[in-house]
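Residue numbers (the numbering used here): 75 to 366. For every residue, glycine included, the Cβ atom is placed at its ideal position computed from N, Cα and C. Keep in mind the model is a prediction, meaning the values are calculated, not measured. Here the structure comes first, spelled out in structure tokens, and everything after it is commentary.
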């Protein structure tokens, strides 16, 4: 996210979207904690109220924040080509129309994120037991019984959306981050040339080693935080008894709740890492948010 060749016009939008995602997580924690306090129930971020709050009340900020992941993916790919081929791409860009890209990303993400909201509104009839956890197997079975064809379509859309908006962007982002780091290491002897074409800073000097740290730490943290929650669920495939029984179930729920928070905080951590390890990014973040 730094460098003079890093010219994608959506840099500020990417910062804002990721900040929204981190802020959403803080509201999530506060809201659930307050609900647990007044109801004298144990705090669990997988509860029915939490799911309702996340999916219905703040689905729009969540949509915008997830759009930031796709935008970061586009920025990462463009940055790689600018670094790997600095002379060839010095005055060229892979993405020529920033506004079209941003509009497409936000629109498709809105459609994807609206899917569960529409499902919840259409099929949560008054006769349904609203004490059932939103997204739980009990409520899912009711929806399936009411209209199996619609629900199969919903599942298909969710699967395609998860691949397009979560799995592929994270894989592409981390892959190209690693390739960028490898490229920078190989061109270490040509640092002056790279700095001239890529990382000229108005407020100071940038080195390849600083960029290496920025990309490596951010990439690894983001990959780790975004992968823990699905990994926790995936263990059920490898360990059939995982999550079963009173003790194992409690461990599974606690880990799932923890990883849910970690997943939501991943973009916020990404911003913190960038701002601390990249002087240029910190300057841009400070210009965007004077109070930072």
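In angstroms with no decimal places, state the Cα-to-Cα distance between residue i and residue j.
| i | j | result |
| --- | --- | --- |
| residue 234 | residue 153 | 27 Å |
| residue 268 | residue 144 | Caution applies to residue 268, whose pLDDT of 47 falls short of 50 and renders its modelled position unreliable; the value that the coordinates give is listed next. Going from the Cα of residue 268 to the Cα of residue 144 covers about 26 Å. |
| residue 312 | residue 174 | 43 Å |
| residue 244 | residue 258 | 21 Å |
| residue 327 | residue 179 | 33 Å |
| residue 159 | residue 230 | 39 Å |
| residue 300 | residue 162 | 34 Å |
| residue 84 | residue 155 | The predicted model places residue 84 with a pLDDT of 46, which falls under 50 and marks its position as unreliable; any figure quoted below should be read in that light. Their Cα atoms are separated by approximately 17 Å. |
| residue 260 | residue 181 | 39 Å |
| residue 334 | residue 304 | 9 Å |
| residue 151 | residue 308 | 29 Å |
| residue 242 | residue 236 | 8 Å |
| residue 149 | residue 177 | 15 Å |
| residue 295 | residue 240 | 16 Å |
| residue 298 | residue 238 | 19 Å |
One question on the structure: do residue i and residue j come within less than 8 Å of each other, judged by their Cβ atoms?
| i | j | result |
| --- | --- | --- |
| residue 147 | residue 246 | yes |
| residue 306 | residue 324 | no |
| residue 302 | residue 256 | no |
| residue 310 | residue 317 | yes |
Could you give the DSSP three-state label for residue i: helix, strand or coil?
| i | result |
| --- | --- |
| residue 317 | coil |
| residue 243 | helix |
| residue 162 | coil |
| residue 275 | The pLDDT assigned to residue 275 is 43, lower than 50, so where the model puts this residue is not dependable, and the model offers no usable value. |
Under 8 Å by Cβ, that's how I've got residue i and residue j pegged, so tell me the actual separation to the nearest angstrom.
| i | j | result |
| --- | --- | --- |
| residue 322 | residue 315 | 7 Å |
| residue 254 | residue 157 | 6 Å |
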